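Presented below is the structure to which this report refers.
Protein chains in written order, with our numbering: chain A, 114 to 224; chain B, 28 to 140.
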């Protein structure tokens, strides 16, 4: 089955700086790569996703890049704000919805 | 309505009890999931239902028994659980089987004593 690795496990940045989280996946058949944000005690919520036929996607301060050849994808958050502090999970899945999560990155944005 | 609703929010059960977790969505989604999440860990896939049929069972012990009575409801029946089964159980749904956004419920925090 799919194996997703995520780095770093913790990330601390100053407000206004950028944050980058990286993931690699093992199954070349995976074609959907969502990123979820989970605040303490809350449900995971999708913040951005990308499909294998696209190399980059941007939504305001958030962008995701995908390198299919290298089987890695990254989340970029620019102009970070304290409310961006949360745990971020990458995930990968094939056609059959078997979405598997990376281990998570705890992002702390210091005011 | 973009909500996935799970009940109960909290559940404490003994190792000999039988209980059920419930999940409901009214978004017309045809894929529904159960995930288990331990503290400071990612959600782990347990089961996937597509069009009310079980399509993925991640070698979950038989003390967990999923059921999908209709396209809006998903249950997880629990019997003879162990203390290590204590976790947050998350239900999710997505539009279809072609990898679209999964919406998560708030979860049921289960404690097995």
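Built from N, CA and C at the ideal position, the CB exists for glycine as well. Keep in mind the model is a prediction, meaning the values are calculated, not measured.
For residue i versus residue j, is the C-beta distance shorter than 8 Å?
i: residue 148(A); j: residue 188(A); result: yes
i: residue 121(B); j: residue 144(A); result: no
i: residue 72(B); j: residue 137(B); result: no
i: residue 155(A); j: residue 161(A); result: no
i: residue 59(B); j: residue 76(B); result: yes
i: residue 132(B); j: residue 32(B); result: yes
i: residue 192(A); j: residue 174(A); result: yes
i: residue 208(A); j: residue 126(B); result: yes
i: residue 146(A); j: residue 186(A); result: yes
i: residue 195(A); j: residue 224(A); result: yes
i: residue 222(A); j: residue 133(A); result: no
i: residue 190(A); j: residue 177(A); result: no
i: residue 184(A); j: residue 141(A); result: yes
Does any CB atom of chain B fall closer than 8 Å to the CB of residue i?
i: residue 121(A); result: no
i: residue 166(A); result: no
i: residue 201(A); result: no
i: residue 116(A); result: no
i: residue 138(A); result: no
i: residue 152(A); result: no
i: residue 141(A); result: no
i: residue 172(A); result: no
i: residue 130(A); result: no
i: residue 169(A); result: no
Kindly say whether residue i, judged by its beta-carbon, lies nearer than 8 Å to any beta-carbon of chain A.
i: residue 84(B); result: no
i: residue 35(B); result: no
i: residue 77(B); result: yes
i: residue 137(B); result: no
i: residue 30(B); result: no
i: residue 91(B); result: no
i: residue 129(B); result: yes
i: residue 126(B); result: yes
i: residue 41(B); result: no
Looking at C-alpha atoms only, which residue of the options is the closest neighbour of residue i?
i: residue 217(A); options: 60(B), 121(B) and 65(B); result: 65(B)
i: residue 220(A); options: 197(A), 117(A) and 177(A); result: 197(A)
i: residue 80(B); options: 86(B), 96(B), 90(B) and 73(B); result: 96(B)
i: residue 68(B); options: 165(A), 118(A) and 166(A); result: 118(A)
i: residue 94(B); options: 118(B), 132(B), 43(B) and 127(B); result: 118(B)
i: residue 115(B); options: 52(B), 61(B), 44(B) and 41(B); result: 61(B)
i: residue 123(A); options: 163(A), 167(A) and 199(A); result: 199(A)
i: residue 128(B); options: 57(B), 140(B), 63(B) and 107(B); result: 57(B)
Short of 9 Å Cβ to Cβ, which residues in the region 44-75 of chain B face chain A? For chain A, the residues of the region 44-75 of chain B that bring a beta carbon within less than 9 Å of one of its beta carbons are 58, 60, 62, 64, 67, 68, 69, 70, 71, 72 and 75, in chain order.
Do the region 94-107 of chain B and the region 33-49 of chain B meet, that is, are 3 or more Cβ pairs less than 8 Å apart? yes
What residues in the region 103-122 of chain B have a beta carbon less than 9 Å from any beta carbon of chain A? Of all residues in the region 103-122 of chain B, only 117, 119 and 121 come within less than 9 Å of chain A when Cβ atoms are compared, listed by chain position.
Along the region 179-204 of chain A, what residues have a CB closer than 7 Å to any CB found in chain B? 202
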